[in-house]
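Colleague: Okay, so the sequence shown: first residue is 63 according to our numbering, each after it adds one. Heads up, the beta-carbon is just placed ideally off N, CA and C, and yes, glycines get one too.
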Amino acid sequence: MKIGIIGGTGGMGKGFALRWCRNHDILIGSRDAARANEAAQEYFTLAIQQFGTVKGKIAGKDNLCVAKESDVLVLSIPYENIDSICSQLLPNVKDGCVVISPIVPLTKTDAGFEFISFKEKKPSAFELVQKYMKDKSKLVSAFHTVSEKKLIDPKLILDSDIFVCGDSDSAVNIVNNLIGEIKNLRPILLGPGSLSYLAETATPILLNAMIKNKMKNPGIKII
Ligand SMILES: NC(=O)c1ccc[n+]([C@@H]2O[C@H](COP(=O)([O-])OP(=O)(O)OC[C@H]3O[C@@H](n4cnc5c(N)ncnc54)[C@H](OP(=O)(O)O)[C@@H]3O)[C@@H](O)[C@H]2O)c1
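1. Would you give the residue range spanned by the beta strand (DSSP E) that phenylalanine 177 belongs to?
2. Kindly examine ligand 1 and report whether one of its heavy atoms sits closer than 8 Å to the Cβ of aspartate 94.
3. Give the single residue among Val202, Ala96 and Ile285 whose Cα lies nearest to the Cα of glycine 255.
4. Would you list the one or two residues that DSSP bridges to valine 134?
5. Where does serine 232 land, buried or exposed, given buried means 16+ other C-beta within 10 angstroms?
6. Determine the direct distance from the alpha carbon of aspartate 223 to that of isoleucine 285, and round the result to whole angstroms.
7. Going by DSSP, name the residue or residues bridged to isoleucine 250.
8. Bridge partners of threonine 169, per DSSP?
9. What is the rounded straight-line gap between the Cα of glutamate 131 and the Cα of alanine 173?
10. Return yes when the C-beta of glycine 281 is under 8 Å from any heavy atom of ligand 1, and no when it is not.
11. Based on DSSP bridge pairs, tell me the residues matched to isoleucine 236.
12. When you compare only the Cα positions, how much space is there between asparagine 270 and isoleucine 67?
13. How long is the line joining the alpha carbons of asparagine 287 and glycine 242, rounded to whole angstroms?
14. Rounded to whole angstroms, what is the Cα-Cα separation between serine 179 and phenylalanine 188?
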């Protein structure tokens, strides 16, 4: 399976690439193909240092090429850029491409981290992305509460749960399997995409708890 990561030069993109290259080819996407290529080379070197060998290759391309070639596409971009990026890319994905949104509508105020969708009465990240999907059922939201700092260390066992929301069982299954490939991460289905805002709100809750209680990159686990 070819997994494309739009905004793959960011911290989350690096983590996804390192975790999934053991079994899949990874395409790192960027607005700048040279930056994508540089990141891809860096991640591949790190992966070989960590694992010795990996089954997949890591290559870098501009975001549009990545969108056209991927079987699974992760939108690893800020909430503020959904409209500009998704309007350009999502009409060009392959038929059947599963799109993953880990995007959190997050802002920092004097009070702490807040959820943009509530504070500014804006759509959830899922709702905003779904507007641009060719096949709306192929969008799945997940990975909102996993810390980039932990994801990029492929030897670290994460031992936490990942909330998953989506409208198609087959698309959700593909994402659940990718979550399961990351040791000790467990997918927890919350419901259809219309409930994604619930999963997205978990991130500001977690970040405020982290800061106020001096915790280090916490995750969520249901017991
Ligand atoms: N960081 C975390 O721990 C964490 C945890 C859970 C969920 N998330 C969510 O995951 C997503 C990615 O997080 P991140 O921390 O990796 O994000 P990031 O580093 O802020 O951005 C990721 C990439 O998005 C691209 N980008 C930035 N500004 C852009 C713009 N104006 N227009 C188009 N592309 C732009 C950049 O790639 P190029 O410049 O190469 O194009 C950048 O490397 C976010 O939505 C975040 O809310 C993050």
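Modeller: Put simply:
1. Taken as a continuous stretch (DSSP letters only), the beta strand (DSSP E) holding phenylalanine 177 covers 175-177.
2. Distances from the CB of aspartate 94 to the heavy atoms of ligand 1 include at least one below 8 Å.
3. Ranking the options by Cα distance to glycine 255, first place goes to Val202.
4. Looking at the DSSP assignment, valine 134 forms a beta bridge with Ile65 and Val160.
5. Exposed is the call here.
6. As the crow flies, the alpha-carbon of isoleucine 285 is around 10 Å from that of aspartate 223.
7. Looking at the DSSP assignment, isoleucine 250 forms a beta bridge with Phe225.
8. Secondary-structure assignment with DSSP links threonine 169 through a beta bridge to Glu176.
9. Each residue's Cα considered, the two are about 42 Å apart.
10. Not one heavy atom of ligand 1 is found less than 8 Å from the C-beta of glycine 281.
11. DSSP, once it has assigned bridges, lists no residue as partnering isoleucine 236.
12. The straight-line gap from Cα to Cα measures roughly 28 Å.
13. The structure shown does not extend to residue 287, since the chain spans only 63 to 285, so no value can be given for it.
14. Going by the C-alpha atoms only, they are around 11 Å apart.
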